[in-house]
Amino acid sequence: MPTTPSERSLRPHRPRSPRRSRRLAAQVACWALLAGALPACSLVGGDEDPATSAEAAGPPAAADVVAGLRRALERRADAVRRGDRRAFAAGLARRTPQVREQQLTWFDNLAQLPLAELGYAFDRQNIVRRGDAYWVVVEQSMQLAGYDDQPVVSHDRFLFRPAPRNERRMLLASVTDDAWEDEHDVRPQPWDLGPVQVRGGLGVLGVFDAGSVGSAAGVIASVERGIADVSAALPEPWRRTVVVYALSSTEFLQTIEELPGGDPERLDGVAFPVAAGPGQAGAAATRFALHPRMLARSGPQRDRLVRHELVHVALGERDDEAPVWLSEGIAEYVSVRPVDPADRVVAEAALGRAVEGVDGLPVGESFTAAGDAPVASYGLSWWVCEYVAGSFGEEALWALLDAFGSPGADEDEVLTRVLGLTADQLADRAARLMVATFVPGAGPGSGPEVGDQDPGAPSGVSSPSPSAPARPSSSALRRRSAS
């Protein structure tokens, strides 16, 4: 989930040489895999008063009503799959202009997506009559060809009413029931919220809007490069495709379940899973979203952020059971591989913590805490992985990840078995390596030197920003050249 780089930076220790750099991601409890985000299948709004879930269900709906609703949903899905806008519009109630406008926007959005599947189902027990109309809870299954391993399942509540001259034909009159949606934690996708513009690349499906589509070419190129870089660094193959949301507002980010820190302004990007259907194991896919401010920040900074998020996408559920310090540390470790060692930077808060001495590995809560705690946690996690890879080989990182994937894995037992170290020993050695790299000769209590701003700070680095005055400020430290 990283945040932006800072105003000041230090160079790390190394004989003179070139430069470059960037940022972070998300996971359950941290910034990468946010569990169970269900997309909605409606656009916001509607001019019918929605029924609430508190309504009495009443007797089961008559067979002809059930059949009419089923036909209406089948026609709706078929029209979208065939790209038949006229047939889709014919399924909308004429006296609901706002709903018609919103639903036609939704149709236009989906027409740009590579749909492998779109379908609806419902349980007749979830049909509630109100006057001559019927509220029904629908289950939508939608799969993006080449991007989702299985259909993404979401739930919503639709209102249908009979056509004026044909009571057997049901027309959609509303897709909005705020009370029901709040109670059932309905979470929309960008195409449910308003007009989007979809752009594609090699293995990339980018979802933009009118305010962000001007950045589409640069974002997609960055993700294409990131897919190649991450694939070269990971030990096992992955799908090498991803859906990325790059919108001009934070409206969608605010809907993500368990958003790190609960504030979109505290992160630059976030990876999250989209849910598969009931009874299906795992997520249908992992996608990632960029904060609007990252659209203008092309170059090493955004590239590193993208690589970090792509690591979470590529690993999927493989790191779900790992401690946050390992999943985030690996993502950060992989994200900096293409960056020249002389140009890698670390947050001042992280280096300051390392100079003072650490008392253990970062705990999950520290990644979403207030102040500089997340910045320091990301930095230390990265250098834990640098230490492990440098001392035991990169294969030790993947051995740790697999060991933590075992049910009931104990952190101390895994570290002792795989590395022969305790958690405290590992944290201490990583901190010492960080200090030796960035502040040669520094000892406990030594303060880091501050230099020029670096063009690409690590994902955990935050900086003051006019658009995000509440975000924690910290500096970026660059590898210092030997004199």
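Read in order, the letters of the sequence shown are residues 1 to 483 in the UniProt record's numbering.
Just so you know, even glycine gets a beta-carbon here, dropped at the ideal spot from N, CA and C.
Looking at 64, 117 and 376, the one whose alpha-carbon comes closest to that of residue 325 is 376.
Scanning the stretch 145-211 for uninterrupted beta strand (DSSP E) segments of 3 residues or longer gives 152-163, 166-174, 197-201 and 204-208, listed from N- to C-terminal end. Here the C-alpha atom of residue 333 lies approximately 13 Å from the C-alpha atom of residue 306.
With contacts defined by Cβ atoms closer than 8 Å, residue 170 and residue 69 form a contacting pair. Under the DSSP assignment, residue 393 falls outside any alpha helix (DSSP H); it carries neither an H nor an E label. Taking a 10 Å sphere around the C-beta of residue 202, we find fewer than 16 other C-beta atoms and assign the residue as exposed.
From the listed residues 286, 291 and 317, the smallest Cα separation to residue 268 is found for 291.
In this structure, the straight-line span from the alpha carbon of residue 258 to that of residue 280 is close to 22 Å. Cβ neighbours of residue 161 within its own chain (closer than 8 Å, five residues either side excluded): 93, 132, 133, 134, 170, 171 and 173. Rounded to whole angstroms, the separation of the alpha carbons of residue 304 and residue 77 is 39 Å. Comparing alpha-carbon positions, the option among 431, 411 and 176 lying closest to residue 98 turns out to be 176. Annotated three-state conformation of residue 91 is coil, per DSSP.
Cβ neighbours of residue 86 within its own chain (closer than 6 Å, five residues either side excluded): none. Residue 284 and residue 274 do touch by the CB rule: their CB atoms are close to 5 Å apart, below 8 Å.
Of the residues 432, 239 and 210, the one whose Cα lies closest to the Cα of residue 248 is 210. Counting along the chain, the unbroken alpha helix (DSSP H) around residue 329 starts and ends at 324-335.
Contact between residue 286 and residue 308 is absent: CB atoms are separated by about 13 Å, not below the 8 Å threshold.
Judged by DSSP secondary structure, residue 104 falls outside any beta strand (DSSP E) and instead within the alpha helix (DSSP H) spanning 97-110. The three-state secondary structure of residue 218, taken from DSSP, is helix. Annotation: the continuous alpha helix (DSSP H) that includes residue 438 extends over 423-438.
Looking at the DSSP output, residue 272 sits in a beta bridge with 287. Annotation for residue 350: the continuous alpha helix (DSSP H) segment containing it runs 348-356. The shortest C-alpha to C-alpha distance from residue 240 to any of 228, 246 and 233 is the one to 228.
Following the DSSP letters along the chain, one finds residue 413 inside the alpha helix (DSSP H) bounded by residues 411-419. Positions of the alpha helix (DSSP H) runs, each at least 4 residues long and wholly inside the stretch 58-92, are given as 63-82 and 85-90 in order along the chain.
For residue 187 and residue 141, the gap between their C-alpha atoms comes out near 14 Å. Excluding five sequence positions before and after residue 100, the CB atoms of its chain that fall closer than 6 Å to its own CB belong to 92, given in chain order. Secondary structure of residue 302 (DSSP, three-state): helix. Counting only the Cα atoms, residue 117 lies some 43 Å from residue 373.
In chain order, 282 place their CB closer than 6 Å to the CB of residue 317, counting only its own chain and leaving out the 5 sequence neighbours on each side. Taking C-beta atoms as the reference points, residue 389 and residue 400 fail to come closer than 8 Å. If you draw a 10 Å sphere on the C-beta of residue 166, you find fewer than 16 other C-beta atoms in it, and that means exposed. Boundaries for residue 295: no beta strand (DSSP E) harbours it, and the DSSP string shows neither H nor E there. Only buried fits residue 327, as 16 or more other CB atoms lie within 10 angstroms of its CB.
Note that the stretch 409-421 does not touch the stretch 329-344; fewer than 3 beta-carbon pairs, one per stretch, sit closer than 8 Å. Short of 6 Å from the beta carbon of residue 321, and not among the five residues preceding or following it, lie these beta carbons of its own chain, in chain order: 404 and 405.
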